[in-house]
Structures are given as C-alpha cells and as structure tokens.
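The structure appears right after this line, and notes come after that.
2 protein chains.
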Amino acid sequence: MELALWLVPLAGGAAALFAIWLAYDVLRRDSGTDAMQEIAGMIFEGAMAFLSRQYRTIAILALVTAVAVGVIVGAISEGVKPIVSDGGTISFGEEEVVEPWEEGLLTGIAFLVGAFCSGLAGYIGMFIAVRSNVRTAAAAQHSLKDAITVSLRGGAVSGFLVVALSLLGVSGIFLVYSRILDNPPEIAPFLIVGFGFGASFVALFAQLGGGIYTKAADVGADLVGKVEAGIPEDDPRNAAVVADLVGDNVGDCAGRGADLFESMSAENIGAMILGVAIFATTGDIEWIMFPLVLRSFGIIATIVGLMSVPLFADDAPDSKQDPMTPLNYGYYIVSILSVAGLFIATYAMLDDSWHWFFFCGLVGIATGIAFVYITQYYTAGSWRPVKEIAEASRTGPATNAIIGTAVGYETTFMTAISIGLALVISFVLGSQADIAGVPDFTTGIFGTAVATMGMLMSAAYILSMDTFGPITDNAGGINEMSGAPASAREITDKLDAVGNTTKALTKGYAVASAGLAAFLLFSAYLDKIKERLGIPLTEELPIDLANVDVFVGGLLGVMLVFLFSSLAIRAVGNAGGAIIEEVRRQFRADPGIMAGTSRPDYAAAVDITARAALRQMILPGVLAVGLPVVVGLIFRYTRDSSVVVGGNEYLDASGWLAVAGVLIVGTIGGIMMATVLNNGGGAWDNAKKFIESGGLKDEAGNVLGKGSEAHKAAVVGDTIGDPFKDTAGPSLHVLIKLLATITLVLAPLFIATGADNVRPAGGEDDDGAGIERSITDEQAAR
Amino acid sequence: MELALWLVPLAGGAAALFAIWLAYDVLRRDSGTDAMQEIAGMIFEGAMAFLSRQYRTIAILALVTAVAVGVIVGAISEGVKPIVSDGGTISFGEEEVVEPWEEGLLTGIAFLVGAFCSGLAGYIGMFIAVRSNVRTAAAAQHSLKDAITVSLRGGAVSGFLVVALSLLGVSGIFLVYSRILDNPPEIAPFLIVGFGFGASFVALFAQLGGGIYTKAADVGADLVGKVEAGIPEDDPRNAAVVADLVGDNVGDCAGRGADLFESMSAENIGAMILGVAIFATTGDIEWIMFPLVLRSFGIIATIVGLMSVPLFADDAPDSKQDPMTPLNYGYYIVSILSVAGLFIATYAMLDDSWHWFFFCGLVGIATGIAFVYITQYYTAGSWRPVKEIAEASRTGPATNAIIGTAVGYETTFMTAISIGLALVISFVLGSQADIAGVPDFTTGIFGTAVATMGMLMSAAYILSMDTFGPITDNAGGINEMSGAPASAREITDKLDAVGNTTKALTKGYAVASAGLAAFLLFSAYLDKIKERLGIPLTEELPIDLANVDVFVGGLLGVMLVFLFSSLAIRAVGNAGGAIIEEVRRQFRADPGIMAGTSRPDYAAAVDITARAALRQMILPGVLAVGLPVVVGLIFRYTRDSSVVVGGNEYLDASGWLAVAGVLIVGTIGGIMMATVLNNGGGAWDNAKKFIESGGLKDEAGNVLGKGSEAHKAAVVGDTIGDPFKDTAGPSLHVLIKLLATITLVLAPLFIATGADNVRPAGGEDDDGAGIERSITDEQAAR
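Going down the list, the sequences are from chains A and B. Mind the numbering: the first sequence is residues -1 to 780 in the working numbering, read in order. Mind the numbering: the second sequence is residues -1 to 780 in the working numbering, read in order.
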C-alpha cells in the first residue's frame, strides 16, 4: 500500500505537470507568417466550435444518463455486501455495508466524474493540438528535428493529460469511496464502475461524432476537389478544405483520446475488481492497487522515452532521415523502462508468485510491440497486402475495392492468433501462481489483467504519436494553403506520411488492448453477478453456449456490431454527400472560386459538416447503449433458464445469460470487425500513396502515377476505406468497452434475486436437465 | 415405423421419377434456330467441361479424405456403445456393439456415398439446366407461359434430384447400417454422420469452384465489355461472354444444389441424432424416423405446387403479368400442403405431445416465408435500401460502395431478430412437450430441429426457383447473341429479373435454415462428446464462454469466417483480372472483333477461367477443413481445462471445448457474414437495375439511365457485390455446415478418454475452481 500511496499521486501529478510544461513549450514557439496564422485561425475556430457544440450535446445526454443510472441502481440494487474469506471460499457477507440508495448515488456521481474527466482531457488536448499545427508548419521551415519536436510535444499534451486524468480520476474516486466514505477497500471497485461507464459513454459519442465529421469532410473534399474539379489536396479553392483539416483534429485527436481514456479507465477498474478476490483471501490491498502502480511506472517510462526522441532526430536541414526512426527509438526506450517498472511493481507488491505475473506483464508488452509490426505489415506500402491492392487498381475501382475488402478480411488472421496466444499464455502463467485459498482460475484471469495493464503502460506514448498525426497533417495543409517554400512542404509531407502510420498503429494497439481486456472485463461482469446472487467469488459461473438464451444473445451481439458499423458508415456517406453538394453549389454560384480570384466560404462547409455529424451520431449511440439493456430486460421477463452453481440452482437466469452472450460474442465480433475496418481502410489509403509515389508501372515501364486510371481507382478505394478506418472501426473499440461497462453497471437490471429464485439443485423437480428447464416445470415449483 | 417404411421410399422414388419426367418434358421441346443452338452448344460444352474437370479434382480430394477419415476414426475411436434408459437418465452401455475398425469403415463409406450422391445430383441437374436454356429461349418466342414452364421445369430437375438423392441416400444408408448390418437403430445415426460430412465436403468445393468461376467471368466480362469497350451485356464481340453464361450454371445451379443437398442431409442426420435420446426412453423409433417422414410430405407438397404454377401463368402472347406472381402462388400451395403434411406427420408419429411439435414446424414454415419477404425488402428495387444505394451513385462509385456496404451490414438486423425469435419460440414450444423421462432441454432442442425440418419441406421448390435463375439468364443471353426478335428478349429480360430475385431468396432461405440448424447440429456435437466420455445424454454439458479455451476458440472461429471470405473474394479478383487481360489481348490482337467481322475466341476465355477457378478453390477449401482440426489438436495437447458434469470431473477437455468455441461462435459469425455478403451484393445489383430502369432523375428531371455517371458508379458497386453474393456468401453457408459435420465426425480426435481423465468432482485437489485448473494442479493429481 505504501508504494501506491506515494507513487500514484506522484506519477499522476508528474504526468499532469509534464503536459502543462509541454503545452507551454509548444505555445511559446514561432507561429509563422500572417497567412499561416489566418488559416490556422480558421481551423482553430472550426475545431473549437465543433467541440463546444458536441460537448454540449454529450453533456445533456450524460446528465440524463447519470440520473437514470443512479435512480435505476438505487431502486433495484440490494446494497453492497462485504467480502469474507474462510481460506477455501471467498463469499459475500449477509449484511450490506452500502445501502441501495447510496450505491445508486455513488455510481451516478462516479459516472459524471468519469464523463467530466474524459471531456476535459479531450478538450484541453485538442486546444493545444490545434495550436501546435501552425507551429509545426513554421518549424518545418527550419528543420525536420524542430518539426518533429513541436508536433510530438503538441500531441503528447493530449497523451499525458489523458493518462494523468484517468489515473488520478480512478485512484482519486477510489480513495474517496473507500477511505473518506469509510467503506471496506474490497467493495470500492464495485462502486466506481460508474466511472468507467461515464468515460465509455463520452468516448462513444466523442469518437462517433468526431469520426463522422472528419470522414464526411475528407470524403467530400477529396471527391469534389481531387476527382471532380481536378485540383490538388488542400487546394485553397476547395471550400471543404478547412472542414477537412478541422476534421483531422476532432476525429483523430479528441476522438482517439476519449477512446484510450476509457480503455485505460475501464480496464483499470476491471483489473481492480479481479484483484478483490485475491485481496479477500490474502488481506493484501496490493492486489487491488497493483494496476494503478503499474500505470504509474508506465507514465515515468513514457516521459523519459518521449523526451529522448529529439536526441535521435537528425538536426541537418537537408536531413534524409525517416522520421519514424527517432519515434521507434523512443518507443524502445519506453518498452525497456516499462519492463523495469514491471519488475519493480511485481516484485514489491505481488508476494511470492510475483515472477509469474512479471511474465504475464512481459506478454502484454510483447503483444503491444507485435501489433506495431502486424499493423505495419498489413497497412504499409512496402509489404504484399498494400501492393496487391495497388496492382488491382490497374483494372479499375471495382477490382481495387474487391481486393481491398479481401485484404481487410485477411487482417483478422494475425490479429486473432496474437490475441489468442497472449490470452492463453498469460492465463496459463497467471494460473501457475500459488496463492493459498485462491483458485488457479482466479489467478489466471488476473494474469490476463496484468498482461493488459503491461501493454497499456506505453499508452501515453502511443497516444502522443497518434495526435502527432493530425498535427502534422494540419501543418502540411497550412503550408500548402499559405504557399510555404517547397523544402518545408517536403518535411511536412514526410511527417504526414509517418502520421498515417502512427494513426494506424494506435488503432491496432487499441484493438489488441480491447481483445486482451475483453476477458478480464467479462470476468468482472461475472463477479458482479456472483455478488448479486450471493455466489462465492471462487465458484465457477458457467455461461453455456449451448443454452438457447446465450446463443441468441450472441447472435444479437454480432448483429449489433454490424448494425452499429452500418449506421456509422452510412452517417459518413450521408454527411459527405451534403458537403459535396455545398462545394458544388459554391463553384456554380461563384466562378471566381475556381479561377482563384475569390475565396470560397469555408465556414459554411465547416458548419454544414458539424451539424450533419452531430445529428448522425445520435442513432448509433443510442443503439449501442440501448440494445444490451433491451435484450437483458426482454430475456429476463420472457424466458426462464436456470443455472446450477455450487449445489444451488438459480432460476430466472435468462436475463443475465443473454446479456453475457451479447457481451462476449459481440466483443469477439467487434474486435474482428474493428480489425477489418481499421486495417482495410489503412491499406486502401496506402495503396493510393504507393501509386502516387510511383510504385506502379505499366507494361512499357512508364510510371502510373497521379492522374492515371489506376490512381483514380485507388482514390475510390481510399475514399471507401475512410469511414471504415476513421469512423466505424475506432467507434467499435469504444462500443466493445461500452458493452462491458454498461453491463457491469446495469447488471442488477437483468438479475432476478431473492429466495424464490434459488433452490437446491437435484430437488424433486429436477429431471436431469440441470441447466435448462421449461416454464411448466418452474411454475410447478412455485 | 410403418408410415416411414412405405412413405419414405415412395416419396423419394416419386421425386426421382418426377425429375426424370421433367427432364423428358423439357428435352422434347423446341430447341430453337441453328444460331441459338450453336451458342447453346458452346455454353453446354464449356459448362460440362468445367464440371468434369472440377469433379475429377473433387473426387481425388474426397477419396483421400474418406480414407483418412476412416483410418482416423478406426484408429482413435473406442467403438459405439448401445443406449439404455432407466426412466430417469439416458446413458451409454458398457460393451460396444460396433468395433472401432467397423466404425471407421462405415464412416468412410458413408462419406463416399454422401459425396457421390451430392456429385450425381449436381451433375445431372446441370446437364438438364444447360439444355433447358436454349429451349426457354425458343419458348420465349411463343409466350411468357411457355417460357416460365420450360425454365421452371428445367430448374426443378435439379431441385427434385437433390431432394430425392438426399432423402434416399440418408434413409438408405440408415436402413443398411441398422437393419442389414443388424445394429441397434439408436446408434445408426451416429454411424451415418459421415454421409453429411461427405456431402458438405463436395458442396464446399463445388460452391467455391463454381462461385469463383461464375463471378470471375461475370466481373471480367462486365468490366472489359460494358465499362471499357462500351458494348452491351452479352454482346457477342466480348470474348468473355460465353464464359459468363457458363458461369451462371456452374455457380448458381451446381453450386447451390450441392449447398442445399448437404444442408438437408446434415440437418436430417442431426435431427435423427437428437431423436435418439427420446427413442431410448420411449422405445418409439418414430422419433428417429420423423425427419425423414416430414421431408417425404414436403416432396409431395412440392410436386403439387410446382405442377400448379403454369395454371396461374397468363397465356396471352402480349401478357403484362409479373412472372413472380405464378411462382408466388405455387409457393403458397407448397406452404399450405406442407402444413397439412406436418399435421399428419406429427399427429401420427409424435405421441401425446404432437401438437407442440406441430407448432414448432409451423414456426419453421413461417420463418421460411418471413425470409422471402425480408430478402425482398433488403434487395428489391421497390424498397428503401436499394434506392438509397442508387441515390448514393449520384456522387460516384465511392459513395455507392460506402452506402452499399452500410446496407449490407444493416441486413443482419432483421435476419438476426428472425432467427433468434424462431429459435427461442421453437425451443420453448418443444420444451412444453411432456415425455416421461426426457428432460425439457432435450425436447426443446428437438423442437428447433422440427422447425428446421418444417422450413426445409419446401426446399425442392426453392431450389427449382433458384436454378430457374441461371436458365433464364442463359436464355436471355442466347436470344441476345442470336439476334432473336425483341418480343422474345423482352420476355427473357423479365424472367431474368425474376431469376435475380429467386436467387436472392434462395440464399436468404439457405442462411435462415443454417441459423435454425446451427443449434441442432451443435447439440448433436455435444451428444457425440457425451457418447465418447460416457456421460448420460440427459446430462448438461456446459460450453462455458468464460473458459479461456472456448473464448479463444470463438475468436479463431470468427477469424476463420473472415479469412475464408477473404480468400474466396480474392480468388474472384485474381481470376477476374486474368480474363480481363485475355479479352483485352484479343481486342488488341484482332481489331475485327470490335468491328464485328471476326469472332472472338470464346473457348480460350472459358478455359482460362476454369483453370483459374479450380486453382483458387483449393486454399480456402483446405483452410475450412483444416482449421477446426488443427485448433482441436493444438488445444488438446497443450491445454488442460476440465469440466464438471454430474458429479464427475472430466480432465483434458480443452480440445473439444476449443472446437466447440470455433464451431458455435464461428457459426454465429458465419450466418451474419453470409447475410451481409448475400444481401449487400443483391442490393448493389438491383441498385444498378433500378437506375437502368429509369428510377433516378437529376435536378432538372431528366432520367439518369444507362451511360450516366451515376450508372457507371452503380456498375462499379454491382461488380464489387458480385463475388460477395455469388462466391463468398454462398460458400459461407457451406462452411458453417461443414464445420458442424467435420467436428461431429472427427470429435474423437479432440477428446481425451480413459479412466485417467475422469475423477469425482470436489476431490482432494478441488480448490473450488470447478471448471478450470492449472497444469501444476493436474500434474500433482496424477
């Protein structure tokens, strides 16, 4: 506990201070010429206007949801009971220590705190990001090193704020709910699950709204500019070009920040819940605090790694260095220091079995590194998949789209193998840990949690690299629009290409962490059900796939993934169509725009996109929140499966069984689908870039570059992939976590409790079916 | 039993005789002018050449697999034990009645018989189909009624042969393996699972090879003809046009026939296995024979319905009747007679609880009808989804593709809801049946089996309508290429459009039946495991999703669905590219082709497509067969989960647990993915047709028809959808069923048996974990 008490606030505070220093460092730099500042000003205004508008909408939704969650939990829960261990079984006490109304209130407050922290991190991070772009553009006129330093530090503001607010938020609310409100520490994790739900809730709408905005603007600008009017990307004559630059920020920066904020929060809380079972037996609070400590070491490792990046960057003004190189070195440093931190944390906190969990953490760190390479293989131009799409572009947009789809589907292969291996290995390693009175199953699951936390140690670094993407993209746009010298544009183009890679890596990282975390979050849901039903934590609660409720729940879970993706993608298509019409209208209304004599109305395009995006985010968001609840309620009240655990038969279990099916099969489907959408989109994008860089030649050996039919086909493919990789895919990461947190918080809704619903197994009505019985049987038993 | 003894051979024989009469009736008709016969001859030769070549490849693969399966089963099985009931539990006897070597031999032979019957049905059916096309073309010069009659009867040859061979095959081999070899009737269903595996095996390669061929030719012909050269569909100057017409037959006719053959066979055998548990208690063989009897009544209903279609067709030569109308009337007749047959069969065979199963069958028939409407809503031009895609074509191919993808994903919604409802309702109805000594769970599952069989009663009719598609498509092509009068072409165009609808319906029907059957096939797999482990059939065997092996198996199952789809789609893209190059080459080499003075080399294009398609079918086929086996073996030998059932703990269960995860989560993913691919592709196709029929107008009110930019965009979308709906989607139906049959047959591979692997639950090593324990624990126990 001592380690946690001083390290966690120290690391959280250090991260926050570091973010402030980074912001100061970026803001004091040269902000370029008047022309650059004018364009940057438009981007800044458009981005902040969108974000304010979006957060107003989200705030209203979040307030309503917080009250609803608080009231529901308060009304239906039966209070939280303490946890007792008799050495062999870990079970719940008789008397509740937290009243139902108090549980509802605390859950509602935690929801709001989580939502607020998520929003705050997104807001400040983006505020700095849209001030960093013009400074990166100006720095590019000096050297590559300066440009990398500014853009990475601008991105790191977001990265460190997200990590700091998540760590301080989770540990702060844990401290308040346990120490200050004087609750036993082992029940506090159950009280703070609202924090994760609040964070997921904001992340869902932030990612959806931002993702729809960015791709509607991008698709619209590309189609009407590059394809129809034949003017280059970021050409100032295109009315959609500022909206496009705004979109990069609100989607990639604010959206992904919220995504990883909730990932870290939800996985942290889930891991703490799993630690409860071990704490109850051993009495060592370290098992609950461990995830927070590991995250703290991760922050320290990340600060050092990030500061070291400029050391590896080439200072020469005509440098030919690949900007990915210094970023990679920084990541290696983060990884090495993370291993050291993992060693200290496990050794200091996890008793005699520390080494098994150390190995679990290594598996997580290795999985993170593996995904960096897997994502590169599937989406970078130097490998087979992207080249295959480029080749298919020779025969037109249809074959490009067909092969692109095939590549997207293919990318599930290494993803599933890696996640599966990581899960099995960390589970096996964890189950080797020998802790008296704790079943191997529990330490195994805790092993997967340690792997997840190990992987997330480098989250701040990954997120810094991600936000680096929109900043450099913007910097390139500002230089293009303001007519900066060619050398500066060359540097920003190079950085932009790296930004595309880092954005893809972040998504791969997010999917992998979601895959690893799925298992631990699912176990937390089962622990919550055990708590409600009074089943000892050490008992197995089987979620039987051969049960019709679980099976149909699983079917609906996969359906949710597809329907949600459909709504997200369609939103982009619809909003994109609106912008195209607007730009065409402007071209028609004022021929001076095309001639370059009058300026298009950028603000109108920004505004149309914002309104369309916010309108379109509501339906998929409501679907994601509503479906698990509706399924749980319908199955609870119309079906009546029962489950036998530890000699007792629990009747009316259909509600939570069907929700478990939705949750876990939906999560598997969501992980695979997000992989398809993210990597497919990334591969399409880079196939286009591969052709633009002269990688494709005709039979006579002439380059099929920009303007060729093959290139036009590749542009179509890139456009198809845009909403896949930047709207639906990233929103699916959030959906997966939202499913986990919403089911965790609202579990009592799906559970029939009370003495009527338990009876000894094998009783007079037992006909051998065990798990499943009919309505007649059960009615007869009443 | 008496009913089954005379009805099943009678109905099977009637179906076969009916098919022969239909073939005679079609073949004696007018086969048109010399020009028509010449083109038809080329199609016939191309199709039969492909089929012969394909069947040679499949025959070799099937022989090798049959021997391997026989040897494996013979080597690892422990023989089949009889089933005994003591009124409360249904369990397996001590002494085996079938020796291991005999089980291997019988399984291998059943595999070969299943494979042979499937191949035979496909071969004869297609032989007649490619002779019916020219006769339909000729009949179209007389009247719509004649054309409908010929094409539907030509299609029905295939439909009835498939049903007859499946029914006679399953019942024949059941008779031989029980009566003639003198085995107890309750173990015979376990011996004939090889029949289903053989059928699935052939179906997989037939559907894959045919599907790749048809779409490679279609995509190639469309892109190089319509888009590049600007010549109409089926224009004789296009060298790929004959290959395209050949493809319709080998994909839709032979492929889909094999698909439904194995559906019916596998589901029949699965239903018989479920009937075994009830038979063992009641001693009524009817529970095993029931699925065969229901199918027999279905055949009678279908013959009457099919013969009545011409009665509803308009005889006037200038008829404006929608050809779908008489087909719908015929389907209604089939449905009504099926209900009557269902009533007789349930009443006569299923004891006092017959009415519950009658209701289950009604649910199945209603589900079949529901899917006819659901598929139409999602894929027909008169509804919102298709119009939305057509609208999106205004802004180019990218938005067309984006919205088309969104529509495809959306179609999972009603599909999942309907399948889920049908499963839950039929399960609940079935579990109401009160049969002494049989648990409600078992009658519930049997209820879902009856629903599946009820739905499949109309299979021959659906399949006749399906094969009607390629026949009319071919007839249109023959009329186009031979310069037939406009009135005839109008009729074949109309029939062709209907054929597109019926093809889409068949796929919806196939997906729905796969969804309903998933649950029963999965239960059959669990029964097989119980047989191996000596667990009573009446015990529940939980497949716990919270078990890491099941979870990772599920992840790999969904990955298999995506990877398989990827390989199938890519195969089309690759083969399609090869044909495009060939046609371009011919255009370049001989300018007379475009001028219309010389004939292109059709045979070369046919040949290139055939070779490419057969090469490309191997990899996805091997993946589908290999993955479940590899996963099962790896988990069996590296992991060691255990499962507690009925007071015993079964160790080393990881192999069959992981395979169960692959099977069931993969099935859920496969059903949803097939829906996406089939319906998405169908909607894209009809969006193009919607534009061609003048459904889209510009702002000034002018029709945006053929040749407009919107139409070009829609053609791209149609082309993208082609491999989705005709290659990957239909192959996924087969994959799902193959997963079920292969795991059923090879289950012993994944199961560790013997006394070492069972111990009483709650023993000294039991630490409360119940289902899951670590390697150390178990090693300690040995």
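Idealized CB from N, CA, C, for every residue including glycine.
Q: Would you list, in chain order, the members of the segment 696 to 710 of chain B that have their beta-carbon closer than 7 Å to a beta-carbon of chain A?
A: The residues in question: there are none.
Q: Identify which residue in A:G112, A:V69, A:N676 and A:W19 has its Cα closest to the Cα of A197 of chain A.
A: Comparing alpha-carbon positions, the option among A:G112, A:V69, A:N676 and A:W19 lying closest to A197 of chain A turns out to be A:G112.
Q. So which residues of chain A does V225 of chain B contact, with C-beta pairs closer than 9 Å?
A. Within chain A, the residues near V225 of chain B are G394 and A396.
Q: Evaluate T851 of chain A with the Cβ neighbour count: other Cβ atoms within 10 Å of its Cβ, from every protein chain shown; 16 or more gives buried, anything less gives exposed.
A: Not covered by the structure: residue 851 of chain A. The range shown for chain A is -1 to 780.
Q: Tell me N266 of chain B's beta-bridge partners as DSSP assigns them.
A: Bridge partners of N266 of chain B: none, in fact.
Q) If V24 of chain A and I126 of chain A are in contact, beta carbons under 8 Å, what's the gap, nearest whole angstrom? A) Approximately 6 Å separates the beta-carbon atoms of V24 of chain A and I126 of chain A; this is inside 8 Å, confirming the contact.
Q. Applying a beta-carbon distance threshold of less than 9 Å, which residues of chain B neighbour D542 of chain A?
A. In chain order: E538, L539, P540, I541, D542 and L543.
Q | Limits of the alpha helix (DSSP H) - the one that N646 of chain B falls within | A | Run containing N646 of chain B: none in the alpha helix (DSSP H); it sits in the beta strand (DSSP E), N646 to Y648.
Q: Could you tell me whether the Cβ of V307 of chain A comes closer than 8 Å to any Cβ of chain B?
A: Cβ-Cβ to chain B under 8 Å: no for V307 of chain A.
Q.
What I want to know is whether the C-beta of G10 of chain B ends up closer than 7 Å to one or more non-hydrogen atoms of the ligand SAH.
A. Only the bare structure without any ligand can be found here, which leaves the ligand SAH out of the picture.
Q: Return yes when the Cβ of A449 of chain A is within less than 8 Å of the Cβ of A486 of chain A, no when it is not.
A: No; because the gap between Cβ atoms is not below 8 Å, this pair is not in contact.
Q: Just mark A73 of chain B as buried or exposed, buried being the case when its beta carbon has 16 or more other beta carbons within 10 Å.
A: Exposed: under 16 other Cβ atoms inside 10 Å.
Q.
Within 8 Å of any Cβ in chain B, is that where the Cβ of S512 of chain A sits?
A. Reading off the sequence shown, one finds Ala at residue 512 of chain A, where the question assumed Ser. Judged by the 8 Å Cβ criterion, A512 of chain A is not in contact with chain B.
Q) Quick one: is K318 of chain B buried, meaning 16 or more other Cβ sit within 10 Å of its Cβ, or exposed? A) So K318 of chain B ends up on the exposed side.
Q: Consult DSSP for K501 of chain A and reduce its assignment to one of helix, strand or coil.
A: If DSSP states are grouped into helix, strand and coil, K501 of chain A belongs with the helices.
Q: Quick one: using the 10 Å Cβ neighbour count with 16 as the cut-off for buried, is T595 of chain A buried or exposed?
A: With fewer than 16 Cβ atoms within 10 Å of its Cβ, T595 of chain A is classed as exposed.
Q | Counted within 10 angstroms of its Cβ, other Cβ atoms place D683 of chain B as buried (16 or more) or exposed | A | By the neighbour-count rule (16 or more Cβ atoms within 10 Å), D683 of chain B is buried.
Q. What residue does the beta strand (DSSP E) around P758 of chain A start on, and which one ends it?
A. Here the beta strand (DSSP E) through P758 of chain A covers V756 to P758.
Q.
Please state the DSSP three-state secondary structure of K224 of chain A.
A. It is helical.
Q: Within its chain, find whatever has a CB closer than 8 Å to the CB of L360 of chain A; leave out the 5 residues flanking it on each side and keep chain order.
A: Here the set comprises V337, L340 and G452.
Q: Would you mind telling me which residues of chain A sit closer than 8 Å to G571 of chain B, beta carbon to beta carbon, in chain order?
A: Correct list: A390, T397, I400, I401 and A404.
Q | Environment of R771 of chain A [buried if 16+ CB atoms lie within 10 Å] | A | Below a pLDDT of 50, predicted positions are generally treated as unreliable, and R771 of chain A, at 36, falls in that range; the measurement from the model is reported next regardless. R771 of chain A comes out buried.
Q) Out of curiosity, what's the CA-to-CA distance linking A138 of chain A and S261 of chain A? A) The straight-line gap separating the alpha-carbon atoms of A138 of chain A and S261 of chain A is approximately 34 Å.
Q: Please state whether DSSP places V180 of chain B in a helix, a strand or coil.
A: Note that residue 180 of chain B corresponds to Asp in the displayed sequence, not to Val. Three-state result, D180 of chain B: coil.
Q) Between the segment 671 to 692 of chain A and chain B, which residues of the former have CB atoms less than 8 Å from a CB of the latter, in chain order? A) Here the close residues are V674.
Q: Run the CB neighbour count on L8 of chain A, radius 10 Å, all protein chains shown included, and call it buried at 16 or more, exposed below.
A: Flag for L8 of chain A reads exposed.
Q | V436 of chain B (DSSP reduced to helix, strand or coil) | A | Three-state result, V436 of chain B: coil.
Q | G10 of chain B beta carbon less than 8 Å from that of A108 of chain B | A | No. Outside cutoff.
Q | Cross-chain neighbours of I342 of chain A in chain B, by beta carbon under 8 Å | A | At a beta-carbon threshold of 8 Å, none of the residues of chain B lie near I342 of chain A; the nearest stands roughly 26 Å away.
(Q) Checking 8 Å against the spacing of the C-beta atoms, do E647 of chain A and A750 of chain A come in under that value? (A) For the 8 Å CB-CB criterion, E647 of chain A and A750 of chain A do not form a contact.
Q. Fully enclosed by the segment 632 to 708 of chain B, which beta strand (DSSP E) runs are 3 residues long or longer?
A. Segments of the beta strand (DSSP E) lying fully in the segment 632 to 708 of chain B: 641 to 643 and 646 to 648.
Q. Are the beta-carbon atoms belonging to A473 of chain B and N131 of chain B less than 8 Å from one another?
A. Cβ atoms of A473 of chain B and N131 of chain B: closer than 8 Å.
Q: Give the single residue among A:A368, A:I363 and A:G406 whose Cα lies nearest to the Cα of R382 of chain A.
A: Residue A:G406 holds the alpha-carbon nearest to the alpha-carbon of R382 of chain A among A:A368, A:I363 and A:G406.
Q. Roughly how many whole angstroms lie between the Cα atoms of I415 of chain A and W4 of chain A?
A. Distance between the alpha carbons of I415 of chain A and W4 of chain A: 39 Å.
Q.
Does the contact criterion of 3 or more C-beta pairs under 8 Å hold for the segment 548 to 560 of chain B versus the segment 639 to 657 of chain B?
A. In this structure the segment 548 to 560 of chain B touches the segment 639 to 657 of chain B; the number of beta carbon pairs closer than 8 Å is three or more.
(Q) I want to verify the contact list: residues of chain B whose CB lies under 7 Å from the CB of M451 of chain A, in sequence order. (A) Contact annotation for M451 of chain A against chain B: no contact, minimum CB-CB distance about 18 Å [criterion: below 7 Å].
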